[in-house]
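*Asks:* Dumping the structure here so I can ask a few things about it.
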Amino acid sequence: MEKTVITKAVSEDIDSISELYDAVNTYFSDNVNYCFPNWQKGKYPVRRDALEALQKDTLFVLKLSGKPEGSFILDNKQHPEYRKIPWGIQCDDKEVMVMHTVVVNPSYRKKGLGEQMITYGINYCRQAGAKTLRLDTHYKNVPARRLYEKCGFRSVTKWSAEIDEVNQEFDVFEYIL
């Protein structure tokens, strides 16, 4: 496999990341959408999400031979309901990191790119002095759940949240650093 490099995204990456979002949502609509109704082409994730993360310096990109093939957002933005979850470690908000919007080009599914991004995120958070890395995924997203567990995340609980006026269930994970 070609050489992978993971870095913070720059403005020149936005078009490619936006195309990745569309490719993932097209794949979901043509196959099994583990994240429906959240993830839909033109709804989420979209270019605006990448731009907002870029402006906050929280957007990361995985490049294969110089071409963006994966992306994720890493910040300390927790959903307000996260405060009710029985986490394995209690700490200040500034000591918590959250990974969002993890995407891999569908052409590279099952090639280890997701694992590389998750591992990078864990190491980045550790170096930043965080005490824990948290994330969630739709409860039907079995491939993501397996990936997170393979990377050492602990399943904490199921969590319900209303998103776009639809009550949805998520599995919540934590990696104590």
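Mapped onto my numbering, the consecutive letters of the sequence shown carry residue numbers 30 to 206. Positions of the beta carbon are idealized from the N, C-alpha and C atoms, including for glycine.
1. Just mark N170 as buried or exposed, buried being the case when its beta carbon has 16 or more other beta carbons within 10 Å.
2. Of the choices L206, I151, T186, N152, whose alpha-carbon is the least far from that of W116?
3. Taking only the alpha-carbon atoms, compute the straight-line gap between Y177 and Y204 and give it to the nearest angstrom.
4. The alpha helix (DSSP H) that contains G143, what's its start and end?
5. May I have the straight-line CA-CA distance separating K72 from S58, to the nearest angstrom?
6. For K113 and Y50, what's the separation of their Cα atoms in angstroms?
7. Could you tell me which uninterrupted beta strand (DSSP E) segments, each at least 3 residues in length, are contained entirely in the stretch 75–139, listed from first to last along the chain?
8. Here's the rule I'm using: 16 or more other beta-carbon atoms within 10 Å means buried, otherwise exposed. How should S100 be labelled?
9. If you compare alpha carbons, which of T36, E98, W188 is closest to R138?
10. Taking just the CA atoms, how far does Q119 sit from K96?
11. Given a cut-off of 8 Å, decide if L91 and A82 are closer than it, judged by their beta-carbon atoms.
*Replies:* Answer, in terms of the structure:
1. Per the 10 Å Cβ criterion, buried.
2. Closest by alpha carbon: T186.
3. In a straight line, the C-alpha of Y177 is about 9 Å away from that of Y204.
4. In the DSSP assignment, G143 falls within the alpha helix (DSSP H) that extends over 142–156.
5. Distance between the alpha carbons of K72 and S58 is about 13 Å.
6. Those two C-alpha atoms are separated by around 30 Å.
7. Complete beta strand (DSSP E) runs here, min 3: 88–93, 96–104, 125–133.
8. Buried is the call here.
9. Answer by Cα proximity: E98.
10. Their backbone Cα atoms lie some 39 Å apart in a straight line.
11. Annotated as distal: A82 and L91, with beta-carbon spacing of 8 Å or more.
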